[in-house]
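If you're matching positions, the sequence shown starts at -16 in this note's numbering and goes up one per residue. Note that CB positions come from ideal geometry on N, CA and C, so glycine has one too. Read the structure below first, then the notes.
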Amino acid sequence: MNNNEKVLPPHASTSTLSNEFASFFDHKIKSIYQSFDNDASDLNIVDPLPRESPSCTFANFDLLSETDVLEAITKSPSKSCILDPVPTWFLKQNVQSFLPIITNIINESLSTGVFPQCLKSAIITPIIKKASLNPNDMKNYRPVSNIPFLSKLIEKQAVKMVNAHVVKNNLDEELQSAYKPAHSTETALLKVKADMMSSLSQHKGVFLVLLDLSSAFDTVNHNLLIDRMESELGLKDCVLNWFKSYLSGRTSRVCIDGILSESTKLVFGVPQGSVVGPSAFTFYTLPLGRVIQSYGLSYHMYADDVQLYTSFDPKDPNSIASELSKLSSCIDNIRDWMHANLLKLNDDKTEFFVATSPHLKRKMPPVLLRVGDKCIVPSDTIRNLGVVFDSQMSMSQHIKSLCTSLTFQLRNITRIRRFLDLDTCHLVIRALVLSRLDYGNGLLLGSNKTDIRRLQRMQNWAAKLVCQAPKYDHATPHLRRLHWLPVELRITFKVLVVVFKCLGHTAPAYLADGFSLYRPGRMGLRSASDTTLLTEHSARKTLKSVDDKSFFHAAPRIWNTLPVMIRSSTTLRIFKKNLKTYLYSLL
């Protein structure tokens, strides 16, 4: 259990506290709805943007075989809900006995377009958002839903088929990276940083704005969602009826220490702990990209996190004023669109950031971004999807923050190391240290050697901690014993794996489109089949020091230095194995 789940406000009675939380969460959403000055129970809002009705439709689900259901059960996590009649682990151990019944229930739901009423209840656990927040204030808690295992099984099959229809017909938002295969926060950040570095290399600056939504998942209007699924995705008949049935009549109860609150009806929103909820939210916000595109701004979305960015000439006051005005107008339009769709933009948490070289920054006049009735001063650093950007995009501040976090974790593990055997300590280090060290490390390509050495010291400490080596031992033998690549090669490994996925069409299109294979003018040359990438040799005057940190500029050069045998690997598993062996040979 997450330690944050144990943090609760002072209470005399668990029963009273669970009911207070249930009332608070319910009142919070109703208050947001009241702020829209609309009758949320009877809305008929016309989308402010014109829609293009899809030529393809999806009216009926395919039925599943017992083999399909068995595979789904086997691959599902063993997490249980207190509403489950039997624990998930018990169901898996006796799956052959339950399989015909479960298959029949799933197929009955999918074929009739009716979601079982008994599976429409969710159990909510209040989890504090950050350990540093005041535990006595309920607004600092996030409602996390847990739903019955069988509900998730049915949802997973329905969403899987709808997503296949969406991808096949190119109906999704390309620059939405949440809840999609091969997409992640890291791929989103690689794209955003690459675009920003491209502007910086041309002696330009970049304005970046991060928008924040209040309780986005919880304020989704069901009528608008169903309308959007029909008009944007072409869902019809049984499939559309299934989603209508799924959303109607839902309830939730807060659970604290096994004590349940009174049941609350869910008139709005999609459950965050469900399988349908995340995909439904991305369907709900499909038109938002078109709002931003109408202003000619660059953007990227990850669930309810929206980031807008645009380049400008730091030496031209007119360029600065024009791009700031464009950003302000776009944000105003986004707010109007969200208001019409019953989503609330949180102006107080909107962040503004300016990236440019120190030399050009000194020549810029002070800038302010108008957001609603407020003017926002740009921050020196900004945390974007867990990664810290600094104004020069050097990643130094991110590395500094990361080292602070790693030091905290390593000191805590050091205190308990004598109670752990080697394998257990290795697992703890991988979970708490290496996972942090590797997250977003593709963004560190071309970083300052001094900063990389700081991270290497963290990894050396971790290796010696696992091996119980003296403090002043040389770390290299311990890294080899654990089969850990040094930090710089871990960065190279991550970048090359992403490139391989791009060439194999298993990476997001917004990354894959940035690479082109070299095609010789003459046919039959050996170079025609060695997967060499084109490298950019631009005639324009660019900053090479910035290009070296850009994913689309630097990655092809590194890729082309690999032996042809590795570049020509047929599967990702083989590529990773050969690549790691090759990188070890460079030590």
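For residue i, report the span of its beta strand (DSSP E) as first-last.
i: ASN367; result: 364 to 367
i: LEU405; result: Unbroken run through LEU405 is the alpha helix (DSSP H), 405 to 412; no beta strand (DSSP E).
i: ALA338; result: 334 to 338
i: THR108; result: 104 to 111
i: LEU352; result: 352 to 354
i: SER294; result: 288 to 295
i: ASN224; result: Here ASN224 belongs to no beta strand (DSSP E); instead the alpha helix (DSSP H) covers 220 to 230.
i: MET284; result: 281 to 285
i: VAL371; result: 370 to 373
i: ASN129; result: 124 to 129
i: CYS238; result: 234 to 239
i: VAL192; result: 188 to 194
i: ILE359; result: 357 to 359
From the options, pick the residue whose C-alpha is nearest to that of residue i; which is it?
i: LEU243; options: VAL175, ALA105, LEU191; result: ALA105
i: SER427; options: SER18, SER418, LEU438; result: One point to set straight first is that residue 427 is Leu, not Ser, in the sequence displayed. Closest option to LEU427, Cα to Cα, is LEU438.
i: VAL250; options: LEU46, SER48, LYS103; result: LYS103
i: ASP51; options: PRO60, LYS139, SER94; result: LYS139
i: LYS454; options: PRO348, PHE372, GLN442; result: GLN442
i: ASP155; options: LEU223, PRO270, SER294; result: PRO270
i: THR553; options: LEU500, LEU486, ASN395, HIS166; result: LEU486
i: TYR267; options: LEU0, SER311, ALA537, ALA199; result: ALA199
i: LEU66; options: PRO348, PHE336, PHE132; result: PHE132
i: ALA452; options: LEU343, ARG400, VAL337, GLY423; result: ARG400
i: LEU230; options: GLY241, LYS248, ASP421, SER377; result: LYS248
i: SER38; options: TYR278, SER80, LYS58, SER214; result: SER214
i: MET321; options: MET121, ARG273, PRO109, LEU352; result: ARG273
i: CYS358; options: GLY96, PHE336, ASP373; result: PHE336
i: TYR501; options: CYS101, THR514, TYR493; result: THR514
i: LEU47; options: VAL258, ALA414, ASN204, ILE89; result: ILE89
i: ILE85; options: SER61, SER134, PHE44; result: SER134
i: ARG125; options: VAL529, LEU280, THR108, ASP531; result: THR108
i: ASP299; options: PRO261, ASP319, GLY279, LYS187; result: LYS187
i: LEU325; options: GLN17, LEU(-9), LEU555, THR(-1); result: GLN17
i: ASP120; options: SER80, PRO(-7), PHE44; result: PRO(-7)
Considering only their Cβ atoms, is the gap separating residue j from residue i smaller than 7 Å?
i: ILE15; j: THR202; result: yes
i: TYR565; j: ILE549; result: yes
i: PHE571; j: GLU306; result: There is simply no residue 571 to check, as the chain begins at -16 and stops at 570 in what is shown.
i: PHE4; j: VAL237; result: yes
i: PHE558; j: PHE483; result: yes
i: ILE111; j: ASN123; result: yes
i: GLN159; j: MET284; result: yes
i: ILE412; j: VAL449; result: yes
i: THR489; j: ALA161; result: no
i: VAL350; j: THR333; result: no
i: ASN543; j: LEU516; result: yes
i: GLY423; j: VAL370; result: yes
i: THR518; j: PRO546; result: no
Could you check if residue i is buried or exposed, using at least 16 other CB atoms within 10 Å of its CB as the buried criterion?
i: LEU433; result: This sequence places Thr at residue 433; Leu is not what is there. Flag for THR433 reads exposed.
i: PHE98; result: buried
i: ALA304; result: exposed
i: PHE402; result: exposed
i: ALA147; result: exposed
i: TYR567; result: exposed
i: ALA522; result: At ALA522, the pLDDT of 39 sits below 50, so the modelled position is not reliable; the number obtained from the coordinates is stated separately. ALA522 should be labelled exposed.
i: LEU562; result: buried
i: ARG463; result: exposed
i: THR170; result: buried
i: TRP72; result: exposed
i: ASP356; result: exposed
i: VAL69; result: exposed
i: GLN276; result: exposed
i: HIS342; result: exposed
i: THR387; result: exposed
i: LEU555; result: exposed
Give the C-beta separation of residue i and residue j to the nearest angstrom, bearing in mind that I take them to be a contact with Cβ-Cβ under 8 Å.
i: ASN431; j: SER379; result: 6 Å
i: SER92; j: ILE137; result: 5 Å
i: LEU196; j: LYS327; result: 6 Å
i: GLY425; j: LEU173; result: 6 Å
i: HIS457; j: ALA446; result: Rounded, the Cβ-Cβ distance is 10 Å, inconsistent with contact.
i: ILE317; j: THR(-3); result: 42 Å between Cβ atoms; not a contact.
i: ALA263; j: LEU216; result: Contact doesn't hold; Cβ gap of about 11 Å is too wide.
i: GLN290; j: VAL175; result: 7 Å
i: SER294; j: SER533; result: No, SER294 and SER533 are not in contact; Cβ-Cβ is about 14 Å, not under 8 Å.
Alpha helix (DSSP H) containing residue i: first to last residue?
i: MET144; result: 132 to 151
i: ILE84; result: 78 to 95
i: SER181; result: 168 to 184
i: CYS386; result: 379 to 399
i: HIS461; result: 459 to 465
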